[in-house]
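Engineer:
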Amino acid sequence: MTETEFLNVSDAILDRIEAACDDAAADIDPHRQGNVLELEFEDGSKIIVNRHAANQELWIAARHGGFHYRLQDGQWRSTREEGEFFADLAHAITLHGGEPFSFAG
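In terms of the UniProt record's numbering, the sequence shown opens at residue 1 and continues consecutively.
#1: Roughly how many angstroms separate the alpha carbons of A25 and G65, rounded to a whole number?
#2: Under the assumption that A61 contacts F6 (Cβ atoms under 8 Å), give the Cβ distance between them as a whole number of angstroms.
#3: Would the beta-carbon of H96 fall within 9 Å of that of D43?
#4: As a quick exercise: from N55, E57, D15 and Q56, pick the residue whose alpha carbon is nearest that of L39.
#5: Helix, strand or coil: which one does DSSP assign to H31?
#6: What is the DSSP secondary structure of R51, reduced to helix, strand or coil?
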């Protein structure tokens, strides 16, 4: 994937996350600045999602850890563990927001 393609794909992913947070039952306030999307929760906790263009990775920083993802076989898979980006992010949002969260549908 070229850098331009990665930037376009990752922009669409950040857009998808923002839209899902806007529709969520939990009180999530997304703030986007450049390649960083900050999700702030009612209790003041935050999840940071950003892209790293040099490695063509998506990164998540949450209270329970930091995670890196790279596109593999059409899915954003963890570079260190067995996780998938959207499932892991949904889990982190559920932990922070106290409400079930999903990207399904």
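For every residue, glycine included, the Cβ atom is placed at its ideal position computed from N, Cα and C.
Structural biologist: This is what the structure gives:
#1: The count along the sequence shown starts at 1 and reaches residue 25 at position 25. The count along the sequence shown starts at 1 and reaches residue 65 at position 65. Approximately 24 Å, taken between the alpha carbons.
#2: As a first step, residue 61 is located in the sequence shown; it is residue number 61 there, counting from the start. As a first step, residue 6 is located in the sequence shown; it is residue number 6 there, counting from the start. Taking 8 Å as the upper bound for CB-CB distance, A61 and F6 are not in contact here, some 20 Å apart.
#3: Numbered from 1 along the sequence shown, position 96 holds the residue referred to as residue 96. Numbered from 1 along the sequence shown, position 43 holds the residue referred to as residue 43. Taking 9 Å as the cut-off, the Cβ atoms of H96 and D43 count as close.
#4: Position 39 of the sequence shown, counting from 1, holds the residue named residue 39. Nearest C-alpha to L39: D15.
#5: Position 31 of the sequence shown, counted from the first residue, corresponds to residue 31. Reduced to three states, the DSSP call for H31 is strand.
#6: Counted from its first residue, the sequence shown places residue 51 at position 51. DSSP places R51 in strand when its eight states are reduced to three.
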